[in-house]
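Visitor:
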Amino acid sequence: MQMQFPLLAALLGLLAAFPAHAQADTQSESVKAWKARLSAHIASNRLFPAEGPGQTGEAKVTCVIDRYGRLISRALAVSTGSVPLDVAALEIVARAQPFPEPPSELKEDTFSLTVPIVFNGRQFQVPPSGLVLSRSALAEFDAVAAWRKTVTEHVWRHRAFPPEAMGQRGDAGVTFVIDRSGKLISRALVESTGSPPLDAAALKMVERSEPFPKPPPGAKDDLQRMTVLMTLDGTQPKGGPWVDEAKVKAKLNGVCRGC
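With mature numbering (1 follows the signal peptide of the UniProt record, and there is no 0) applied, the sequence shown corresponds to residues -22 to -1, 1 to 237, in that order.
#1: With H, G and I counted as helix, E and B as strand and the rest as coil, what does DSSP make of R17?
#2: Please say whether V104 and I20 have beta carbons closer to each other than 8 Å?
#3: Where does D177 sit, in a helix, a strand or coil, going by DSSP?
#4: Between which two residues does the alpha helix (DSSP H) holding E69 run?
#5: Compare the Cα-Cα distances from V129 to each of K161, T209 and G148 and report the closest residue.
#6: Rounding to the nearest angstrom, what Cα-Cα distance links V93 and G145 in this structure?
#7: Thinking C-beta only, is N23 closer than 8 Å to R100?
#8: What three-state label does DSSP hand T130 in the structure shown?
#9: Throw me the rounded Cβ distance for the R203 and T153 pair, which I believe falls under 8 Å.
#10: Could you pull out every residue in the same chain whose Cβ sits closer than 7 Å to the Cβ of residue 238, ignoring the five residues on either side in sequence?
#11: With contact counted as at least three CB pairs below 8 Å, one residue from each stretch, are the stretch 70 to 85 and the stretch 33 to 48 in contact?
#12: Sort H136, L91, V184 and F97 by Cα distance to K13 and report the nearest one.
#13: If you follow the beta strand (DSSP E) that A166 is part of, which residue opens it and which one closes it?
#14: Would you mind stating whether V9 and L84 have Cβ atoms separated by less than 8 Å?
#15: By the 10 Å Cβ neighbour count, where 16 or more other Cβ atoms means buried, how is A11 classified, buried or exposed?
#16: Less than 8 Å between the CB atoms is what I'm expecting for D199 and R147, so what's the real figure, rounded?
#17: Give the secondary structure of G108 by DSSP, where H, G and I count as helix, E and B as strand, and everything else as coil.
#18: On a Cα-Cα basis, can you pick out the residue from S187, I95, K127 and E131 that is closest to A55?
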């Protein structure tokens, strides 16, 4: 592209002459190559949601990985506007671990990445140029991740199995939005058990959890959205657990804008 503005061309020339001041070391050739490998590696996972064909949108997932390529946490930073696509974006990142290890010149123990995932019809792409590496604010991100785990455990403690569903078993998913005070703003069933009593119990489980633990001060947005998946099991012997604690997981965590 030709330069049409002499002043802009001169400024870019100065930046090229002094790269140490123009770019952080995250833009070295080895780091660029690592980011390209990351994008290709994530894109190699061909997961696509059954409900998603024909839908388009771009999600951004922020994740933290360690020096060995292990996934520590991930969260939805920008929504596609479609719950199936958002969940698929988080699963794409989760299934991509272990990730290619960072180059030796990066000395930190953990790294925060923002991964763009563009859905189009029955395909998705991970544009290498959109993948952002950040080595700051990790403490803030980890605080929010720890809070989401606390919220998930809080919801699990408010279980109550409906007597009319004894002998039934199913997996449910509930998306809910809470504000900074821990108040429940909205909730919706995003995965049905196929049993109306069990679906109602999953929604009630979230409703009874209000007020929720308050988000940490580092949470940048006033509304936080989570989706909790749970297994409701009424086939256990009397007195046994009806929700499998190991399967109560926060699968979708992020900001809800305009909810």
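C-beta: ideal position from N, C-alpha, C; glycine also.
Guide: Looking at the atomic coordinates:
#1: Here residue 17 corresponds to residue number 39 of the sequence shown, with the count starting at 1. First, the amino acid is wrong: residue 17 is Ser here, not Arg. DSSP places S17 in helix when its eight states are reduced to three.
#2: As a working mapping, residue 20 is identified with position 42 in the sequence shown. As a working mapping, residue 104 is identified with position 126 in the sequence shown. The answer is yes: Cβ separation under 8 Å.
#3: Here residue 177 corresponds to residue number 199 of the sequence shown, with the count starting at 1. D177 falls in the helix class under three-state DSSP.
#4: As a working note, residue 69 is residue 91 in the sequence shown. Where E69 is concerned, the enclosing alpha helix (DSSP H) stretches over V61 to R73.
#5: Looking up residue 129 in the sequence shown gives position 151. Nearest C-alpha to V129: K161.
#6: Here residue 93 is taken as the residue at index 115 of the sequence shown, counted from 1. Here residue 145 is taken as the residue at index 167 of the sequence shown, counted from 1. C-alpha separation (whole angstroms): 43 Å.
#7: Within the sequence shown, residue 100 is the residue found at index 122, counting from 1. Within the sequence shown, residue 23 is the residue found at index 45, counting from 1. Not in contact: R100 and N23 (Cβ atoms no closer than 8 Å).
#8: Translated into the one-based positions of the sequence shown, residue 130 becomes position 152. Three-state result, T130: helix.
#9: Along the sequence shown, one-based indexing puts residue 203 at 225. Along the sequence shown, one-based indexing puts residue 153 at 175. R203 to T153, Cβ: 7 Å. Contact.
#10: The displayed coordinates of the chain run from -22 to 237. Any statement about residue 238 would go beyond what the structure contains.
#11: yes
#12: Looking up residue 13 in the sequence shown gives position 35. Here the closest residue by C-alpha is L91.
#13: In the sequence shown, counting from the first residue as 1, residue 166 sits at position 188. Where A166 is concerned, the enclosing beta strand (DSSP E) stretches over L162 to E169.
#14: For the purposes of this step, residue 9 is taken as residue 31 along the sequence shown, with counting starting at 1. For the purposes of this step, residue 84 is taken as residue 106 along the sequence shown, with counting starting at 1. Closer than 8 Å, so yes.
#15: Here residue 11 refers to the residue found at position 33 of the sequence shown. Exposed, because fewer than 16 other Cβ atoms sit within 10 Å of the Cβ of A11.
#16: One-based indexing of the sequence shown puts residue 199 at position 221. One-based indexing of the sequence shown puts residue 147 at position 169. That belief does not hold up - the Cβ atoms of D199 and R147 are roughly 36 Å apart, past 8 Å.
#17: Along the sequence shown, read from residue 1 onward, the residue named residue 108 stands at position 130. It is helical.
#18: Within the sequence shown, the letter at position 77 stands for residue 55. With distances taken between Cα atoms, A55 lies closest to I95.
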